[in-house]
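In the numbering used here, the protein residues as written are 17 to 304.
All C-beta atoms, glycine included, are put in the ideal place defined by N, C-alpha and C.
Input: a single structure, listed below in structure tokens.
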Amino acid sequence: MANKKLIRINRGSGMHWVGDGFPVNTLFSYHHQADEISPFLLLDYAVPTDFSPSKHRRGVGFHPHRGFETVTIVYQGALEHKDSAGNSGKIGPGDVQWMTAGRGILHEEMHSQAFTEKGGSMEMVQLWVNLPAKDKMTKPGYQEITKSNIPVVILPNKAGELRVIAGSYGKAEGPAKTFTPVSLLDINLEVGKSLTVPLTEGHNTMILLRRGQIKIAGADNSETINAKELALFSQEGNQVLINSLDNSSLLLLSGEPLNEPVVGYGPFVMNTQAEINQALADFRARKF
Ligand code: MN
Numbered sequence: 017m018a019n020k021k022l023i024r025i026n027r028g029s030g031m032h033w034v035g036d037g038f039p040v041n042t043l044f045s046y047h048h049q050a051d052e053i054s055p056f057l058l059l060d061y062a063v064p065t066d067f068s069p070s071k072h073r074r075g076v077g078f079h080p081h082r083g084f085e086t087v088t089i090v091y092q093g094a095l096e097h098k099d100s101a102g103n104s105g106k107i108g109p110g111d112v113q114w115m116t117a118g119r120g121i122l123h124e125e126m127h128s129q130a131f132t133e134k135g136g137s138m139e140m141v142q143l144w145v146n147l148p149a150k151d152k153m154t155k156p157g158y159q160e161i162t163k164s165n166i167p168v169v170i171l172p173n174k175a176g177e178l179r180v181i182a183g184s185y186g187k188a189e190g191p192a193k194t195f196t197p198v199s200l201l202d203i204n205l206e207v208g209k210s211l212t213v214p215l216t217e218g219h220n221t222m223i224l225l226r227r228g229q230i231k232i233a234g235a236d237n238s239e240t241i242n243a244k245e246l247a248l249f250s251q252e253g254n255q256v257l258i259n260s261l262d263n264s265s266l267l268l269l270s271g272e273p274l275n276e277p278v279v280g281y282g283p284f285v286m287n288t289q290a291e292i293n294q295a296l297a298d299f300r301a302r303k304f
């Protein structure tokens, strides 16, 4: 076994709003590190933010996507989704929505009615997962993965627990159906404990630290990862060894790189400029 190497810590470029519902920090994007993050395209972290009770529903109104999947993980608060394929759903703490835009979808992402009226803290992650060229024009799809369907693995030595959203950990299999090999693990690690996560040689791997503080085995002493930062690892190696310096919550992402060209424009991510032009033409012709 060989440890993957910590190659970079991303702190994002600061907060910006998505619609009026989601103050997010973009912790990676295909505009900068496409080869290092493939098959992932983008990660927006909406850090815990308090919203006061309101009559006005906050969120993002109807907008299109083509060529990839959007994965929304709610940690605090509640969201409602509605799309042009006829799917709708409400997700709360611990739930995950895995939407395949494929050849094209229009959707809205809003705070739930109940959350809007009551107010409270909202925390979520939105991850964009690329589709391989052969599946970019697949039929749109929607997987609502509730907390109760996500297996929980209790870690030895009272180290904590983890949830397998996609991929596997030991005998536990995540419920998400993916087009290419992708692992998504939600990990809670107690202070002073360590965890080795077996991964695949050649896969791109990242850790979003939501809260706490961790250190990666083999990394320099100065390279402590703090809350709200994202660590990016080498393709070489087949495990990461995480040491928890505080009670820590982290999202670990790993996946097989697609090794295909990435050309994106706003909510469309394809392989060529011609395909982007087609997406814009189809959107304007109301074909979504
Ligand atoms: Mn969207």
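Distance from the CA atom of K244 to the CA atom of F44, rounded to whole angstroms, is 12 Å.
Within the stretch 81 to 134, the runs of alpha helix (DSSP H) that reach at least 4 residues and sit entirely inside it are, in chain order, 129 to 134. Going by DSSP, Q255 is part of the beta strand (DSSP E) stretching over Q255 to S260. Uninterrupted beta strand (DSSP E) stretches at least 3 residues long and entirely within the stretch 154 to 224 occur at 157 to 161, 168 to 170, 176 to 182, 198 to 205 and 210 to 214, given in chain order. R300 carries a helical assignment under DSSP once its states are collapsed to helix, strand and coil. Leaving aside the five residues that flank N263 on each side, the residues in its chain whose CB is nearer than 7 Å to its CB run, in chain order, E206, V207 and G228. For Q113, the number of other beta carbons within 10 angstroms of its own is at least 16, and it is reported as buried. The DSSP-derived three-state label of E52 is helix. DSSP places A62 in the strand class (E or B) of the three-state scheme. Spanning the alpha carbons of R27 and L246 requires a straight line of approximately 6 Å.
Counted as a single uninterrupted DSSP element, the beta strand (DSSP E) harbouring E139 occupies residues G136 to N146. Secondary structure at H47: helix, using DSSP grouped into helix, strand and coil.
Here D66 has S137 as same chain residues with Cβ atoms under 6 Å from its own Cβ, once five neighbours each way along the sequence are excluded. By the Cβ rule, the stretch 54 to 63 does not count as touching the stretch 120 to 137, because fewer than three pairs are nearer than 8 Å. When secondary structure is reduced to three states using DSSP, K244 falls in the coil class, being assigned neither helix nor strand.
Residue environment: A301 is assigned as exposed (fewer than 16 neighbouring CB atoms within 10 Å of its CB, all protein chains considered). With a cut-off of 7 Å, the C-beta of H32 is classified as distant from the ligand MN, since no heavy atom of the ligand falls inside that distance. With the rule of 3 Cβ pairs closer than 8 Å, the stretch 92 to 112 counts as touching the stretch 159 to 172. Exclusion of the five residues before and after G282 leaves no residue of its chain whose Cβ lies closer than 6 Å to its Cβ.
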